[in-house]
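Asks: Just so you know, we're using my numbering here: the sequence shown kicks off at 47 and counts up by one.
Encoded as structure tokens, here's the structure I'll be asking about.
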Amino acid sequence: MNQQVRKVVFPVGGLGTRFLPATKSMPKEMLPVVDKPLIHHAFEEALAAGIEQFIFITGRNKDAINNHFDHAYELQSLLNEIGREKELAYTRDWMPAPGNAIFIRQQEPLGLGHAVWCARHVVGNEPFAVMLADDLVLGPRPCLAQMMEVYAEKPGCNLLGVEEIPLERSVRYGILDIAEDYGKLVRASGLVEKPKPEVAPSTTAIMGRYILQPGIFRHLEETGKGSGGEIQLTDAINRMTAETPAYGFRFDGKRFDCGERAGFIEANVAYALKVPGLREQVLEKLRAMLDAEDHAGDTERQALLAR
Ligand code: G1P
């Protein structure tokens with residue numbers, strides 16, 4: 047079996063109900079963080095990790111994602127005519143080579159596990175990555191590249207990007223039951239999808255980054271509906287622990303939950319602060335806003351004191 051991780055699966059079929067009405071006719075993965083859609087950030091992270099093939103599991107109303115990874119002829123020819131080289135580069139210079147972006151339709155939203163299973167024929171018999179575009183990680187080095195290094199030390203395992211969460215948020219994540227804790231790396235004896243805090247085996251949660259063995263497809267086939275009535279990837283990884291060890295890797299960096307409004311806004315601010323030129327403008331505006339907030343009650347207070 048080829049041990050090199052060359053392929054990534056992007057499950058992008060989800061409905062994005064937490065962002066309505068923004069996501070009524072637009073995929074949630076196309077929401078921008080500063081000037082790139084979420085899926086583009088994930089794509090760049092995969093590229094930086096040496097991934098060569100990009101498998102998108104899409105659904106109805108997700109055509110904007112396919113279009114993003116294709117030429118925009120009208121726009122490009124116009125930019126070309128008026129000599130806007132930089133903008134032209136933004137539209138196309140990063141595009142995957144023909145045949146390296148593969149789009150598969152998941153006809154029904156039956157869960158993350160089902161979405162990944164839809165990629166089985168394209169992935170074949172080799173390890174592969176899964177990235178959830180909702181989870182944006184800003185770190186000293188791209189998260190998946192960090193995971194690749196760890197994977198090289200532990201080939202043949204299932205490796206999951208993890209972070210510690212407050213216990214009361216366990217119902218939002220796949221949680222590891224930890225057998226051994228080595229610091230940056232933990233070995234899981236089992237995994238539970240979205241447990242209630244009182245039964246959560248730990249506070250170590252999966253953060254939308256996976257390197258998986260192809261054996262997962264067989265387990266996904268046998269995995270029934272789990273949490274939320276959906277076929278869960280976490281459940282299949284859990285079933286697999288008897289034959290394939292599952293490790294959690296505490297990556298360097300901060301993960302932003304762009305699947306909910308506050309996390310999405312936080313990610314936009316954090317990314318903006320990393321862009322020279324934009325950073326100064328945004329800081330100035332933020333300071334002014336915070337200042338205005340701090341003094342919002344002043345007039346009222348003064349009026350009360352004057353009585
Ligand atoms: C999915 C996974 C969950 C993981 C989470 C990370 O849940 O099922 O195990 O912890 O992503 O964001 P979702 O957020 O799609 O409900």
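Even glycine gets a Cβ: it sits at the ideal position worked out from N, Cα and C.
Quick check: does the Cβ of A88 come within less than 7 Å of any heavy atom belonging to the ligand G1P?
Replies: For the ligand G1P, not one heavy atom lies less than 7 Å from the Cβ of A88.
Asks: Whose CA, out of P186, L213, L231, lies closest to the CA of C203?
Replies: For the residues P186, L213, L231, the minimum Cα distance to C203 belongs to L231.
Asks: Would you say the beta carbon of D180 comes nearer than 7 Å to a heavy atom of the ligand G1P?
Replies: At least one heavy atom of the ligand G1P is nearer than 7 Å to the Cβ of D180, so yes.
Asks: Here's a check: name, in chain order, each residue in its chain whose Cβ is nearer than 6 Å to the Cβ of A147, leaving out the five neighbours to either side.
Replies: Within the same chain, A147 has close Cβ partners F100, F115.
Asks: Report all residues from its chain with a CB closer than 7 Å to the CB of G105; omit the five preceding and five following residues, and keep chain order.
Replies: G59, R151, Q152, P155.
Asks: If I follow the unbroken beta strand (DSSP E) through L319, where does it start and stop?
Replies: Unbroken run through L319: none, as it is neither H nor E.
Asks: What three-state label does DSSP hand K70 in the structure shown?
Replies: If DSSP states are grouped into helix, strand and coil, K70 belongs with coil.
Asks: Taking the alpha-carbon positions, what's the E75 to L351 distance?
Replies: Spanning the two alpha carbons is a distance of roughly 51 Å.
Asks: To the nearest angstrom, how far is the alpha carbon of F102 from that of D340?
Replies: Near 45 Å, if we compare the C-alpha coordinates of D340 and F102.
Asks: Once you ignore the five residues that flank M177 on each side, which residues in its own chain have a CB closer than 8 Å to its CB?
Replies: Only V54, V55, F56, A88, E91, A92, L190, G254, R255, Y256 meet the Cβ criterion.
Asks: Who are the near neighbours of M72 in its chain, counting only those whose CB is closer than 7 Å to its CB and skipping five residues on each side?
Replies: Cβ within range, chain order: A110.
Asks: Report the option in V168, G129, K320, D344 whose CA atom is closest to the CA atom of P186.
Replies: The residue with the shortest Cα to Cα distance from P186 is K320.
Asks: Taking only the alpha-carbon atoms, compute the straight-line gap between R233 and L222 and give it to the nearest angstrom.
Replies: Near 9 Å, if we compare the C-alpha coordinates of L222 and R233.
Asks: Work out the CA separation of G159 and P260 for me, nearest whole Å.
Replies: If I take the Cα positions, the gap works out to 13 Å.
Asks: Cβ of M253 versus every heavy atom of the ligand G1P: is any distance shorter than 7 Å?
Replies: M253 Cβ: within cutoff of the ligand G1P.
Asks: Quick one: does the C-beta of E214 sit closer than 7 Å to a heavy atom of the ligand G1P?
Replies: No - the ligand G1P has no heavy atom lying nearer than 7 Å to the Cβ of E214.
Asks: Assuming F302 contacts W163 (C-beta within less than 8 Å), just tell me the rounded distance between them.
Replies: F302 to W163, Cβ: 27 Å. No contact.
Asks: Hey, is L158 close to the ligand G1P, as in C-beta under 7 Å from one of its heavy atoms?
Replies: Yes - the ligand G1P has a heavy atom lying nearer than 7 Å to the Cβ of L158.
Asks: Taking the C-alpha atoms as reference points, what is the distance between V80 and A143?
Replies: One C-alpha to the other measures close to 25 Å.
Asks: Quick one, which of Y119, R218, M335, G207 has its alpha-carbon nearest P188's?
Replies: Checking every option, the nearest Cα to that of P188 belongs to G207.
Asks: Assign N171 to one of two classes, buried (16 or more other C-beta atoms within 10 Å of its C-beta) or exposed (fewer than that).
Replies: Label assigned to N171: exposed.
Asks: Could you pull out every residue in the same chain whose Cβ sits closer than 8 Å to the Cβ of V183, ignoring the five residues on either side in sequence?
Replies: So the qualifying residues of the chain are E91, C189, G207, M253, R255, F297, G299, K300, R301, F302.
Asks: Relative to the C-alpha of E276, which candidate in N284, E306, E239, T287 has its C-alpha closest?
Replies: Ranking the options by Cα distance to E276, first place goes to E239.
Asks: By Cβ distance below 8 Å, which residues in the same chain neighbour P212 in space, the five residues on each side in sequence not counted?
Replies: So the qualifying residues of the chain are T249.
Asks: Would you call the CB atoms of A282 and H265 closer than 8 Å?
Replies: Cβ distance < 8 Å, so A282 and H265 count as in contact.
Asks: Looking at the ligand G1P, does it come within less than 7 Å of G220, judged from the CB to the closest heavy atom?
Replies: Flag set: Cβ of G220 near the ligand G1P.
Asks: What residue range is occupied by the uninterrupted beta strand (DSSP E) comprising R296?
Replies: Element bounds for R296: 292 to 296.
Asks: Have a look at T280, D181, V328 and flag the residue whose alpha-carbon is nearest the alpha-carbon of L84.
Replies: Of the listed residues, the one whose Cα sits closest to L84 is D181.
Asks: State the start and end residues of the unbroken alpha helix (DSSP H) segment that holds S123.
Replies: Note, S123: alpha helix (DSSP H), 119 to 127.
Asks: CB of Q278 to nearest heavy atom of the ligand G1P: below 7 Å?
Replies: Yes, the ligand G1P has a heavy atom inside 7 Å of this Cβ.
Asks: Can you list, in chain order, the stretches of the alpha helix (DSSP H) that have 4 or more residues and sit fully within the segment 246 to 283?
Replies: You should have 262 to 268.
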